[in-house]
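Read in order, the letters of the sequence shown correspond to residues 14 to 153 in our numbering. Every residue gets a Cβ at the ideal spot worked out from N, C-alpha and C, and that includes glycine.
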Amino acid sequence: NLERMGDEANKMARMVRSIIESGAPRSLPSSDLRTAAELASGLLRKTLDAFARLDVKAAVAILKEDDLIDKEFDGFVRKLITYMMEDPRTISASLDLLFLAKAIERIGDHAKNIAEFIIYIVKGADVRHTSMEEIESAVQ
Numbered sequence: 014n015l016e017r018m019g020d021e022a023n024k025m026a027r028m029v030r031s032i033i034e035s036g037a038p039r040s041l042p043s044s045d046l047r048t049a050a051e052l053a054s055g056l057l058r059k060t061l062d063a064f065a066r067l068d069v070k071a072a073v074a075i076l077k078e079d080d081l082i083d084k085e086f087d088g089f090v091r092k093l094i095t096y097m098m099e100d101p102r103t104i105s106a107s108l109d110l111l112f113l114a115k116a117i118e119r120i121g122d123h124a125k126n127i128a129e130f131i132i133y134i135v136k137g138a139d140v141r142h143t144s145m146e147e148i149e150s151a152v153q
C-alpha cells in the first residue's frame, strides 16, 4: 500500500505539471483540491505513526477520516460536472482535475487499507468490508 501511495503521488506530480503547462482555465475549482490533498497528507502521516506504534485507536480514527476524503471527492466531482455542463470548453481540463482528485482519494483508500491491517495485526480481527460499528466492537 505504501508503494502504491508513492505511485499515486508520482502520478499526481506529473498531472499537476501537465495541467499547469496546458494552461487550464483559472475558473476551474482546482483550489478545492487543496482541502482533499491536505486531508490525504495528514492521513498518511497519521497512518505511518499508527503503524509504527501499532495503535488500534489511531487506526480506527483513520478509517473514519477516510470517509471525509471520500466526501470531499464526491463534492468535487459534482462541482466539476457543473463546470463542464456550463462550459464544454473546460471538459479536457476538468477531466485532468478529476484524475488528480481520484489519485488523492486513492491515497486515502491505501491509508485505510493500512489501518485495517494494523487492526488485524494487533487484534486478529479482519475488519475489511465491515461497518464502523462492527469495527469498533471488534477492537474492544
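Quick one: measure Cβ to Cβ for Ile148 and Phe64, integer angstroms, because I've assumed they're closer than 8 Å.
-> That belief does not hold up - the Cβ atoms of Ile148 and Phe64 are roughly 17 Å apart, past 8 Å.
Could you pull out every unbroken beta strand (DSSP E) segment of at least 3 residues lying fully inside the region 50-123, listed in chain order?
-> none
Does the Cβ of Ala26 have 16 or more other Cβ atoms within 10 Å, making it buried, or fewer, making it exposed?
-> exposed
What number of angstroms, rounded off, separates the C-alpha of Phe130 from the C-alpha of Ala53?
-> 18 Å
For Asn23, the three-state DSSP class (helix, strand or coil) = helix
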